[in-house]
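Q: I'd like to ask some things about the structure below.
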Amino acid sequence: MLRNFLIALFVAVIVMPGQPMAQDVPFATRESFYEFVDSHMAKRDFGTQVSRLGGADEYSPEEIVAADAQLKRALPYALTGKAVLRTREMQAGFREELVVYWGEQGYLWCYFLLHEREEGLLVVRFNYNTSSDVIFELF
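Numbered by mature numbering (1 follows the signal peptide of the UniProt record, and there is no 0), the letters in the sequence shown go through residues -22 to -1, 1 to 117 in order.
Rendered as structure tokens:
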């Protein structure tokens, strides 16, 4: 329980800044977004995800490396399953998605706020957490 709390606290502080973040280069489609996220989840390459989804402007390279290492320690197993649990369509091309990835020992819960624009799909905000409570509160 304490381990989950500490991991949740770390991920919330490192992965989620006080300001919403958006990546600089949009994804062509929602499918290409999930191809990227799914492939990096399978490799447990969290640092590249944080950078590509918008964290490169928010964090130093050292902070991204630290976040990657912390998530790898928290999730020392392959993430072999995935489900999109909730999708909420909003106005003006916005949507929220609650996604879970899992392996033999636990879960990684994900929140994405996405915006479909003329130039492609932007990730406005995201959060990864080992505690489902934290992510369900965002949705």
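Glycine included, C-beta positions come from ideal geometry on N, C-alpha and C.
#1: Among all the DSSP beta bridges, which residues are the ones paired with Y79?
#2: Near G59, which residues of its chain fall below 6 Å by C-beta distance, leaving aside the five closest residues on each side in sequence?
#3: What do you reckon, are the CB atoms on D46 and F14 nearer than 8 Å?
#4: Using C-beta distances below 7 Å, list every residue in its chain close to A82, excluding the 5 sequence neighbours before and after it, in chain order.
#5: What is the rounded straight-line gap between the Cα of C88 and the Cα of F72?
#6: Does the distance from the C-beta atom of E75 to that of F90 stay below 8 Å?
#7: For E115, count neighbouring Cβ atoms within 10 angstroms of its own Cβ and tell me buried if that reaches 16, exposed if not.
#8: Could you give the first and the last residue of the continuous beta strand (DSSP E) run that contains L100?
#9: Counting only the same chain and skipping the five closest in sequence on each side, list residues whose C-beta sits under 6 Å from that of A44.
#10: Apart from the five residues just before and just after F117, which ones in its own chain have a Cβ nearer than 8 Å to its Cβ?
A: In terms of the structure at hand:
#1: Taking the sequence shown and counting its residues from 1, one reaches residue 79 at position 101. DSSP lists K60 and L86 as partners of Y79.
#2: Along the sequence shown, read from residue 1 onward, the residue named residue 59 stands at position 81. Taken in chain order, the residues that qualify are W80.
#3: Numbered from its first residue, the sequence shown carries residue 46 at position 68. Numbered from its first residue, the sequence shown carries residue 14 at position 36. The answer is no: Cβ separation not under 8 Å.
#4: In the sequence shown, residue 82 corresponds to position 104, counting from 1. Looking at the sequence provided, one finds Glu at residue 82 rather than Ala. If we look at E82 and ignore the five residues flanking it on each side, its Cβ neighbours are Y55.
#5: The residue given as residue 88 occupies position 110 in the sequence shown. The residue given as residue 72 occupies position 94 in the sequence shown. Each residue's Cα considered, the two are about 17 Å apart.
#6: Working through the sequence shown from its first residue, we reach residue 75 at position 97. Working through the sequence shown from its first residue, we reach residue 90 at position 112. Cβ atoms of E75 and F90: closer than 8 Å.
#7: In the sequence shown, the residue the question calls residue 115 occupies position 137. Classification of E115: exposed, given that the 10 Å Cβ count is below 16.
#8: By 1-based counting over the sequence shown, the position of residue 100 is 122. Its beta strand (DSSP E) spans residues G98 to N107.
#9: Start at 1 with the first residue of the sequence shown, and residue 44 comes out as number 66. Within the same chain, no Cβ atom closer than 6 Å to the Cβ of A44 is found once the five residues on either side in sequence are excluded.
#10: On the sequence shown, residue 117 is found 139 positions in, with the first residue counted as 1. R64, R66, E74, L76 and Y89, listed in sequence order.
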